[in-house]
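Quick mapping for you: the protein sequence lines, in order, are chains A and B.
Under my numbering, the first residue of the first sequence carries the number 1, and numbering increases by one thereafter.
Under my numbering, the first residue of the second sequence carries the number 1001, and numbering increases by one thereafter.
Report on the following structure.
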Amino acid sequence: DGGITQSPKYLFRKEGQNVTLSCEQNLNHDAMYWYRQDPGQGLRLIYYSQIVNDFQKGDIAEGYSVSREKKESFPLTVTSAQKNPTAFYLCASSIRNTEAFFGQGTRLTVV
Amino acid sequence: GNSVTQMEGPVTLSEEAFLTINCTYTATGYPSLFWYVQYPGEGLQLLLKATKADDKGSNKGFEATYRKETTSFHLEKGSVQVSDSAVYFCALSDALGNTPLVFGKGTRLSVIA
């Protein structure tokens, strides 16, 4: 089955710790995206990549980092510089100018 | 820049009521338009889409028509069910496909039996 897989579904982070969220797709899509969603809020774009080895900052990139070494993978690292990381993180992929397909999300909680 | 404006929620309806969720957009050229649905604790799923003016997207009883003259893409359903309770997002893709989808803020729908 083709799709996007995010892991883990739930993640707990201690203060000052970096954590990495995984996103893998087997849809052969060139573009991949990371969004953050807070309770009762819309989606905010963190980073996106339209091609391997290239990515651009979105609206709220501070405190996050990404890499795009393979077409299938676009991991997101939440660094200790992100002061309020508790949120629901969504990964998506698309072919240009078409709809995006989303993963099931990772819920990150700071403990 | 491109933007999407959705009616604010939450919207509460009784089962079998008629649903309209308004969506208007600002964009240059001829963007593609989408409606996504998000159930609790899940990612977004594409509900329907339209890629050119006067196109009607439809799926699972939901419909939306791409109105270039009013820059709108309102979501409608003739008879909602409890299982339609979710958050609905309107989105657009710019005509050249060079930038990520732009989303509205979402509208929460609750349907009561």
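Note that beta-carbon positions come from the ideal geometry of N, C-alpha and C, so glycine has one too.
message: Could you tell me the alpha carbon to alpha carbon distance between L1044/B and G16/A, rounded to whole angstroms?
response: Taking the straight line from one Cα to the other gives about 30 Å.
message: Considering only their Cβ atoms, is the gap separating L1033/B from A1053/B smaller than 7 Å?
response: No, the Cβ-Cβ distance between A1053/B and L1033/B is not below 7 Å.
message: Rounding to the nearest angstrom, what Cα-Cα distance links R44/A and E1063/B in this structure?
response: Between R44/A and E1063/B, the C-alpha separation is close to 26 Å.
query: Measuring CA to CA, which of H1074/B, E1016/B, W1035/B and S1079/B is closest to C1023/B?
result: When each option's Cα is compared against that of C1023/B, the closest is H1074/B.
field: Residue burial classification, S94/A (beta-carbon count within 10 angstroms, cutoff 16)
entry: With 16 or more other CB atoms across the displayed protein chains lying within 10 angstroms of its CB, S94/A is buried.
field: Neighbour list for F1103/B in chain A, Cβ cutoff strictly below 7 Å
entry: Within chain A, the residues near F1103/B are G42 and L43.
task: Could you list the residues in the segment 87–103 of chain A with a C-beta less than 9 Å from some C-beta on chain B, going in chain order?
output: Shown in chain order are the members of the segment 87–103 of chain A whose Cβ falls below 9 Å from a Cβ of chain B: F88, L90, C91, A92, S94, I95, R96, N97, T98, E99, A100, F101, F102 and G103.
message: Report the CB separation of V1011/B from T1107/B in whole angstroms; it is logged as a contact under 8 Å.
response: Between V1011/B and T1107/B, the beta carbon gap of about 6 Å places them in contact (Cβ cut-off 8 Å).
Within chain A, partners of G1029/B - CB distance below 8 Å: The premise fails here: G1029/B is roughly 11 Å from chain A at the closest Cβ pair, so nothing lies under 8 Å.
- prompt: According to the Cβ coordinates, are Y33/A and A87/A closer than 7 Å?
  reply: No; because the gap between Cβ atoms is not below 7 Å, this pair is not in contact.
query: So, helix, strand or coil for D54/A, using DSSP?
result: Note: D54/A maps to strand in three-state DSSP.
query: For Y1030/B, which residues of its own chain have a beta-carbon under 8 Å away from its beta-carbon, when the five flanking residues on both sides are left out?
result: K1052, A1053, K1068 and A1095, listed in sequence order.
task: Residues of the segment 1032–1053 of chain B with a CB closer than 9 Å to any CB of chain A: list them in chain order, please.
output: From the segment 1032–1053 of chain B, only S1032, F1034, Y1036, Q1038, G1041, E1042, G1043, L1044, Q1045, L1046, K1049 and T1051 have a Cβ closer than 9 Å to chain A.
query: Under a Cβ-count criterion, where at least 16 other Cβ atoms within 10 Å of its own Cβ denotes burial, should Q1006/B be classed as buried or exposed?
result: The C-beta of Q1006/B has 16 or more other C-beta atoms within 10 Å across all chains shown, which makes the residue buried.
- prompt: In this structure, what does DSSP give as the bridge partners for T1005/B?
  reply: Answer by DSSP bridge pairing, in chain order: T1024/B.
DSSP three-state assignment for S1032/B, whether helix, strand or coil: S1032/B falls in the strand class under three-state DSSP.
field: Simplified DSSP assignment, three categories, for V1082/B
entry: Assignment of V1082/B by DSSP, reduced to helix, strand and coil, places it in the helix class.
field: Strand pairing of Q1045/B, partner residues [DSSP]
entry: V1037/B, per the DSSP bridge assignment.
- prompt: Just reading off the beta strand (DSSP E) that V111/A is part of, what are its end residues?
  reply: The continuous stretches of beta strand (DSSP E) do not include V111/A, and DSSP gives it neither H nor E.
- prompt: By DSSP, does I95/A sit in helix, in strand, or in coil?
  reply: Assigned with DSSP and collapsed to three states, I95/A falls in coil, not helix or strand.
message: By the three-class DSSP mapping on this structure, what secondary structure does I46/A have?
response: I46/A carries a strand assignment under DSSP once its states are collapsed to helix, strand and coil.
Chain-order list of residues whose beta-carbon lies under 6 Å from that of L21/A (same chain, five-residue window excluded): Excluding sequence positions up to five before and after L21/A, its CB lies within less than 6 Å of the CB of L76, Y89 and T106, all in the same chain and listed in chain order.
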